[in-house]
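Structure, as structure tokens:
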Amino acid sequence: MDDYARELLNEGQTTVNNDLLKNYRRIGLSNEELLIYLLIKGNHDLIVPMPEIGDLQRQTGLSEQQLFNLFHQMIEKKLAAITQLSIEGQKVDAYDFTQMYDKLGILKSAEHEQDQQTAQPVKVNERQAVFESIEKEFGRTLSPLEMETISQWLDIDHYTPEIIQLALKEAVLSQVYNLKYMDRILVSWEKKNLRSPQQVEAYQHQRKSADNEAPARYKGPKIPFIDLSGNSEQK
13 MDDYARELLN EGQTTVNNDL LKNYRRIGLS NEELLIYLLI KGNHDLIVPM
63 PEIGDLQRQT GLSEQQLFNL FHQMIEKKLA AITQLSIEGQ KVDAYDFTQM
113 YDKLGILKSA EHEQDQQTAQ PVKVNERQAV FESIEKEFGR TLSPLEMETI
163 SQWLDIDHYT PEIIQLALKE AVLSQVYNLK YMDRILVSWE KKNLRSPQQV
213 EAYQHQRKSA DNEAPARYKG PKIPFIDLSG NSEQK
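So for the sequence shown, this note's numbering puts the first residue at 13; every next one is plus one.
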């Protein structure tokens, strides 16, 4: 084993929870904040001694103020807190990332509960009603490929029949009669975490209200400004 390989082994390794890597954006952690956490954690996970800012500056290329801002943001977002840690009998300042993992735990618990609710098999009559509704609105028989797509919505994506019916209604109102358009609607709702008909309808009502309150925009010809005060400067 050469000297460089020995040096690498002596430096040790930093391990990080895979759930954190997969979901850090969903719990409010930015790319830069995650990088800072990985750089300072070492063998720790929850309680991490405060690092030397100079070392972080050299590693990241960020200024001292930028680094302080990142730590402050994590504290504001309740992803970290300032505490103290006992090392060899001495108290040192440290960052406590317990809240970050608490948020991750809440997220995973909510996902598990959602999976339990949505993973129920769709009844045959409900499935058939979805196929019939789409065929009626499209005015034609669905192809085998289209029927497979709808089955994937129900069995793999776990969209409820009610949500698919609402997506169909949106497509019909827009006069777009294809499943690709419906799929974009369903994905959009999923990204907004709209998982029930009530949530979708509340979102649509809110959006419609916002559109109605927006001031009307003048679309007529451009009207020149004429100064009638007589105070304009003579050129």
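Every residue gets a Cβ at the ideal spot worked out from N, C-alpha and C, and that includes glycine.
| For residue 98, three-class secondary structure by DSSP | Strand, per DSSP.
| message | For a test of the three-state rule: what should DSSP assign to residue 247, helix, strand or coil? | response | Unreliable placement is indicated for residue 247, whose pLDDT of 42 sits below 50; no coordinate value is reported for it.
| Taking the alpha carbon of residue 59 as the point to measure from, which residue in 157, 74 and 91 has its own alpha carbon closest? | Of 157, 74 and 91, the residue nearest in Cα terms is 91.
| task | Go ahead and label residue 191 buried or exposed: buried means 16 or more other beta carbons lie within 10 angstroms of its beta carbon, across all protein chains shown. | result | With 16 or more other Cβ atoms within 10 Å, it is buried.
| request: Confirm, please, whether the CB-CB distance from residue 115 to residue 48 is below 7 angstroms. | output: no
| What's the call for residue 173, buried or exposed, on a 16-neighbour Cβ count within 10 Å? | The residue in question, residue 173, is buried, as its Cβ has 16 or more Cβ neighbours within 10 Å.
| request: State the Cα-Cα distance for the pair residue 28 and residue 68, rounded to the nearest angstrom. | output: 19 angstroms
| residue 142 burial status per 10 Å Cβ neighbour count (16 or more: buried) | buried
| said: Residues in the same chain with beta-carbon distance under 7 angstroms from residue 138, minus the five sequence neighbours each way, listed in chain order, please. | reply: 173
| Taking the C-alpha atoms as reference points, what is the distance between residue 185 and residue 41? | 38 angstroms
| Hey, quick one: how far does the alpha helix (DSSP H) through residue 61 stretch, first residue to last? | Note, residue 61: premise wrong, no alpha helix (DSSP H); beta strand (DSSP E) at 59–61.
| query | Over what stretch of residues does the alpha helix (DSSP H) that includes residue 185 continue unbroken? | reply | Judged by DSSP secondary structure, residue 185 falls within the alpha helix (DSSP H) whose first and last residues are 173–185.
| residue 75 versus residue 44: straight-line alpha-carbon distance, rounded | 13 angstroms
| query | In whole angstroms, what is the alpha-carbon distance linking residue 103 and residue 94? | reply | 13 angstroms
| Opening and closing residue of the alpha helix (DSSP H) in which residue 137 lies | Counted as a single uninterrupted DSSP element, the alpha helix (DSSP H) harbouring residue 137 occupies residues 136–150.
| In this structure, does DSSP put residue 230 in helix, strand or coil? | Low confidence applies here, because residue 230 scores a pLDDT of 49, under 50, leaving its location unreliable; read the following figure in that light. Of the three classes helix, strand and coil, the one that applies to residue 230 here is coil, per DSSP.
| field | Straight-line Cα distance separating residue 140 from residue 86 | value | 49 angstroms
| In angstroms, rounded to a whole number, what distance separates the CA positions of residue 149 and residue 189? | 8 angstroms
| Could you give the distance in angstroms between the alpha-carbon of residue 218 and the alpha-carbon of residue 211? | So the two alpha carbons sit approximately 11 angstroms from each other.
| How long is the line joining the alpha carbons of residue 182 and residue 54, rounded to whole angstroms? | 51 angstroms
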